[in-house]
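Inspection log for the structure reproduced underneath, given as structure tokens.
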Amino acid sequence: MITLGKFVAVFVVSIFSSTAFAADSGTRSQLVAASAEESEGARRQLEKVIDTYSEGLTNKNVDGILELYSSDPVFMPEYAPPAVGREAVRKAYEWVFATLKLNGHFIVHEAEVIGDRAWVRTNSTGRFTIIATGVEADVANSEFFLFKRENGGWKIHRYIFTASAPLPSTK
């Protein structure tokens, strides 16, 4: 049999427990909301970096593109060895721009922020021109960007892409 004293003790504990749980749940809800707002803000920042990158490709701006990369980047283009480090990435883009004229845009499909790292999955479409021959063709790629937060901003830390459509015939 439960005594009045035990009943009151259990009742008081349950009231405080539910109040503490409600307060904790409210705090968690606020944290989730703040986290969602921060995540959305970070996504906008990442999309801005990708838009600036796209402009750099169109304008053949090696220095501008390099500013978007981290201090220790890796660029992994399809059909070429990875370019590891800032100087190798610079040389890779210099080669790309000596070989091709690019005009396209990126569409962000997924983005996730995990502390000072973030990843973004995109696809891009557009046209390219082979400078040596003048041949033009459509291009479509799937890309994966790994970003690193450096000096308060998001930088491209790793970048890999692959063709998502067959290469056109250049005959």
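Once you know that position 19 of the sequence shown is 1500 in our numbering, the rest is easy, because the numbers rise by one and skip nothing. We put the CB at the ideal spot given by N, CA and C, even for glycine.
- Per DSSP, K1572 is one residue of the alpha helix (DSSP H) stretching across 1567-1580.
- In the structure shown, V1616 adopts coil according to DSSP, grouped into three states.
- Just so you know, the alpha carbons of S1520 and V1594 end up roughly 7 Å apart.
- No Cβ-Cβ contact shorter than 7 Å links A1592 with R1525.
- As computed with DSSP, T1539 is found in no beta bridge at all.
- Distances from the alpha-carbon of K1636 to those of E1575, S1552, K1572 put S1552 closest.
- L1583 is bridged by DSSP to F1609.
- With fewer than 16 other Cβ atoms from the protein chains shown falling within 10 Å of its own Cβ, G1522 counts as exposed.
- V1543 is positioned such that its CB atom lies closer than 7 Å to that of E1575.
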